[in-house]
Structure formats: C-alpha cells, structure tokens
Amino acid sequence: MSSSTELIPLTRASIPVASEMLARSFHNDPMTCHLLPDAAKRPSLSARSFQCLLRYGIHCGEVLAISERLEGVAIWLPPEAAQGSLAKLLRACLFTLPLTAGPSFFLRFLAYHQHLDRLRREHTPFRHWYLQLLGVDPGHQGRGYATALVNPMLARFDREGLPCCLDTMNGDNVTFYERFGFRVAAKSLVPKTQIGLWLMARGD
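Residue numbers (numbering that gives the first Met the number 0): 0 to 203.
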C-alpha cells in the first residue's frame, strides 16, 4: 500500500459498516476491554459507540477511509473541534452514549475522557489537529494502511504550519507514531486502572 494513496471522505451512509470494522479493530484494545468488559457483547456495543464517534467526526472534522471497501478509517479533528473535545462530544452524543451499554459504561467513558482532557490542557494547550481515532480491519493489518491514513494528513499539517496530537493506550503504537515524528508529551495511567495512556505531539 502506497502512503500516497488518495483517501476518500467517509459518508454517513457508510457509518454502520465502518463502525463494525472499528469494533473488530479495537476488540482487544485495553480501553475497549475496560469500557466493555463483556467480550460477548463487546462487538455490537462498541460498534454503537463508534457510530457516535464517526457521526461526531463527520460533523466536526474529517473522517477519511482508505477506499470504499473501508479497510481502514481515521477521524481527524481540526483545532476548533480538538480543544474541549469532551464537552463537544458529550453534547453530540449525550443521549446515545448512556444507552450504548448502560450507566457503568458511560461513567467509565466519562472518567477516562475527563482525565485525557486534563492531560491535553496541561501538555498540549496549543492549537493543533487531533487524530481522534485510527483503525484498520484486522484482516488488512500489516499492509501499510495505517501509514497511508496518516502520511497525507501530516504533510498537509506541515504545509499549514500546524501541530498534530493524538493519544494511545497501546504501548506498541508509541513506536509506530514516533516514526512519523511524534514525541511523547505525557504518560499516565487511566484512573482506577493499570492502563497506560500516552499523549503524543508532533510539530509543536
């Protein structure tokens, strides 16, 4: 897969299929397992939560896919949407998230995002684009799709002179993003868990 592949915008009609792909991609992700500990229910419940994130991304930012086959998807939020993203996300998904998997899911989700927002305000207070989500279907991983989703946008941000930030709960991803020039801006544990959280920045 060439890193210069022309990405396509995700349409609202493609949200259901994209959300199912993301549910597969993040099935064993530490945060997904924390938010949705029941592995049997996790695929359908996480797909619902990803539908909310995708709708929010389309409304407030840019959601890009590798192709119409949806091998991989990335959600990018511009500076005006990236700052204070928790409050904006809650307003957009206020009724959807609590119903996705019940109050326990919502409270864990809220605690995680409140902690993340505090880290971002402290360590990345500058205007920046935000990579909210990057997922590749497990059957297509290892083929360069993640790189193809990242490189064109980073080149654009470089032309615009804007930094980019992201977070990850997977330590293996830190090395991956460092290849693109990201650095670790902060490292923490998600409250009341042993899940590591890395906040990363590039071009700041």
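We put the CB at the ideal spot given by N, CA and C, even for glycine.
{"Query": "Could you tell me which residues DSSP pairs with Pro8 in its beta bridges?", "Result": "Leu63"}
{"Query": "Span of the beta strand (DSSP E) holding Asp166?", "Result": "Cys163 to Thr167"}
{"Query": "Flag this pair as yes or no: are the beta carbons of Leu133 and Ala145 separated by less than 8 Å?", "Result": "yes"}
{"Query": "Inspect the beta-carbon positions of Trp197 and Asp171 and report whether they are closer than 8 Å.", "Result": "no"}
{"Query": "Whole-angstrom Cβ separation of Asp136 and Gly71, contact assumed at under 8 Å?", "Result": "7 Å"}
{"Query": "If we count the other Cβ atoms within 10 Å of its Cβ and call it buried at 16 or more, is Ser66 buried or exposed?", "Result": "exposed"}
{"Query": "Starting from the N-terminal side, write out each stretch of the beta strand (DSSP E) that is 3 residues or longer and does not extend beyond the region 127-156.", "Result": "128-135"}
{"Query": "Whole angstroms is fine: what's the gap from Glu121's alpha carbon to Tyr129's?", "Result": "15 Å"}
{"Query": "For Ser2, name the three-state secondary structure that DSSP assigns.", "Result": "With a pLDDT of 47 at Ser2, under the threshold of 50, the modelled position of that residue is not reliable, and the figure given next carries that caveat. It is coil, neither helix nor strand."}
{"Query": "Distance, Cα to Cα, Arg11 vs Met30?", "Result": "26 Å"}
{"Query": "Check for me: the alpha helix (DSSP H) holding Arg120 runs from which residue to which?", "Result": "Pro102 to His122"}
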